[in-house]
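Asks: I'd like to ask some things about the structure below.
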Amino acid sequence: MAPGVLYFLVFHYGALFGNVLAFVDYVPFLGLADSQWVGLANFQHMLGDPQFWNAVANTVVIAALQLVFFFPAPLALALLLHSLVGSTVKRFVQSVVYLPHFLSWVIVVALFQHMLGGAGVVNGWLGDLDLGAIHVIGNPDTYKPLVVAQLIWKECGWATIIFLAALSQVDDQLYEAAVLDGAGWWRRLWHVTLPGIRPVVVLLLVLRLGEFLQVGFEQFFLQRQAVGPETGEVLDTFVYFTGFANGEFGYAAAAGLFKGLIGVALVYTANKVAHRLGEQGVYQR
Numbered sequence: 001m002a003p004g005v006l007y008f009l010v011f012h013y014g015a016l017f018g019n020v021l022a023f024v025d026y027v028p029f030l031g032l033a034d035s036q037w038v039g040l041a042n043f044q045h046m047l048g049d050p051q052f053w054n055a056v057a058n059t060v061v062i063a064a065l066q067l068v069f070f071f072p073a074p075l076a077l078a079l080l081l082h083s084l085v086g087s088t089v090k091r092f093v094q095s096v097v098y099l100p101h102f103l104s105w106v107i108v109v110a111l112f113q114h115m116l117g118g119a120g121v122v123n124g125w126l127g128d129l130d131l132g133a134i135h136v137i138g139n140p141d142t143y144k145p146l147v148v149a150q151l152i153w154k155e156c157g158w159a160t161i162i163f164l165a166a167l168s169q170v171d172d173q174l175y176e177a178a179v180l181d182g183a184g185w186w187r188r189l190w191h192v193t194l195p196g197i198r199p200v201v202v203l204l205l206v207l208r209l210g211e212f213l214q215v216g217f218e219q220f221f222l223q224r225q226a227v228g229p230e231t232g233e234v235l236d237t238f239v240y241f242t243g244f245a246n247g248e249f250g251y252a253a254a255a256g257l258f259k260g261l262i263g264v265a266l267v268y269t270a271n272k273v274a275h276r277l278g279e280q281g282v283y284q285r
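Residue numbers (UniProt numbering): 1 to 285.
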């Protein structure tokens, strides 16, 4: 366990001390000790910055789309895989849907560009059929659904692992009893399968809400320029460009700390709701 524990201590818990940058006008050449302490000035600047709120708005919309469309997709895929009878076919399909997870976002974005770009395969087919081209890549109107579709294609198969593990723990005798009582496929799903994996679904939902504003960085960094900051800026890219491109390290740290505090509040609230619904959630009461 030592390497894993050391990783979290250094890169997660140790990094928390960097939040002190949110309260200083940090200058790298002066160091933290000699940089001017400004208190809440960075947060005041943040709350009055329209670019920050634009990044928040884009992040919330994309996160909501991910929650609605991406979160249930692995569950649905896991249910389909679980229903396959042949183990050989099941393992083959699992291997195929897992593969995109191991591709970098650079490759994934390039693949979508090759398929849906102005000179891509789809527009080539449409041109051959005289149907006209479709403008998907670089179109601000289709950008948010596009990034959600990319996430589903890349991570849906990998995210089924936990759901498949939960499905394997459902007692087969419950299915046999349901069949003897005349329950069809839908009733077995509603009354046996979903209640059996409900604690896992609630736990993952609580954790997902905690990462609600954590929509990703590399995927949006690679495509931000194509649609412009007005549409493509999210909190992670805002922090990067504010801190490293503009040199406003204290302001960037304040924006990052804001995102973290919202995440903690969402986890606490979602966990309380889970307790009221009779589920354990992330931690017990």
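Don't be surprised by glycine CBs; every beta carbon is placed ideally from N, CA and C.
Leu116 and Lys154: beta carbons closer than 8 angstroms?
Replies: Going by C-beta atoms, Leu116 is not nearer than 8 angstroms to Lys154.
Asks: Counting Cβ pairs, one atom from each stretch, are 3 or more of them under 8 angstroms apart for the region 196-206 and the region 18-32?
Replies: Short answer: they don't touch.
Asks: Please work out which residues of its chain come closer than 8 angstroms, Cβ to Cβ, to Gln113, disregarding the five sequence neighbours upstream and downstream, and give them in chain order.
Replies: Counting only Cβ-Cβ distances below 8 angstroms, and skipping sequence neighbours, we find Gly120 and Ile137.
Asks: Going by DSSP in three states, Val56 sits in which element: helix, strand or coil?
Replies: Note: Val56 maps to helix in three-state DSSP.
Asks: When the distance is taken between beta carbons, is Val192 closer than 8 angstroms to Gln66?
Replies: No, these two residues do not count as a Cβ contact at 8 angstroms.
Asks: Looking only at its chain, what residues have a beta carbon closer than 8 angstroms to the beta carbon of Gly132, apart from the 5 residues adjacent to it on each side?
Replies: Answer for Gly132: Leu126, listed in chain order.
Asks: Is the beta carbon of Val93 sitting closer than 8 angstroms to the one on Leu99?
Replies: Cβ atoms of Val93 and Leu99: not closer than 8 angstroms.
Asks: Go ahead and pull the three-state DSSP assignment for Val24.
Replies: Val24 falls in the strand class under three-state DSSP.
Asks: Should Glu176 go down as buried or exposed, given a rule of 16 or more other Cβ atoms within 10 Å for buried?
Replies: It is exposed - the Cβ of Glu176 has fewer than 16 other Cβ atoms within 10 Å.
Asks: I'd like to know whether the C-beta of Gly182 is nearer than 8 angstroms to at least one C-beta of chain B.
Replies: Absent from the structure is chain B; it holds one protein chain and no more.
Asks: Can you confirm whether the region 142-149 touches the region 54-62 when touching is taken to mean that 3 or more C-beta pairs between the two stretches lie within less than 8 angstroms?
Replies: The region 54-62 vs the region 142-149: in contact.
Asks: Under a three-way DSSP split, which group does Gln169 fall into?
Replies: Coil, per DSSP.
Asks: Leaving out five residues on either side along the sequence, give the residues of the same chain with a beta carbon under 6 angstroms from the beta carbon of Ala254.
Replies: Closer than 6 angstroms at the Cβ level, and outside the excluded window around Ala254, lie Ala22, Asn42, Phe43 and Met46.
Asks: Once you ignore the five residues that flank Ala158 on each side, which residues in its own chain have a CB closer than 6 angstroms to its CB?
Replies: A small fix is needed here, since residue 158 is Trp in this sequence, not Ala. Closer than 6 angstroms at the Cβ level, and outside the excluded window around Trp158, lie Tyr98 and His101.
Asks: Counting only the same chain and skipping the five closest in sequence on each side, list residues whose C-beta sits under 7 angstroms from that of Leu257.
Replies: Asn19 and Ala22.
Asks: Rounded to whole angstroms, how far is the Cβ of residue 286 from the Cβ of Val206, which I believe are closer than 8 angstroms?
Replies: One cannot answer for residue 286 here, as it falls past the ends of the chain, which runs 1 to 285.
Asks: With a Cβ-Cβ cutoff of 8 angstroms, do Ile152 and Phe220 count as a contact?
Replies: Result no, Cβ atoms of Ile152 and Phe220 do not sit closer than 8 angstroms.
Asks: Can you name the start and end residues of the alpha helix (DSSP H) that Pro72 belongs to?
Replies: That run of the alpha helix (DSSP H) goes Pro72 to Ser83.
Asks: So, helix, strand or coil for Gln214, using DSSP?
Replies: Here Gln214 sits in coil by DSSP.
Asks: Do you know how far the Cα of Val5 is from the Cα of Tyr26?
Replies: Roughly 30 angstroms separates the two Cα atoms.
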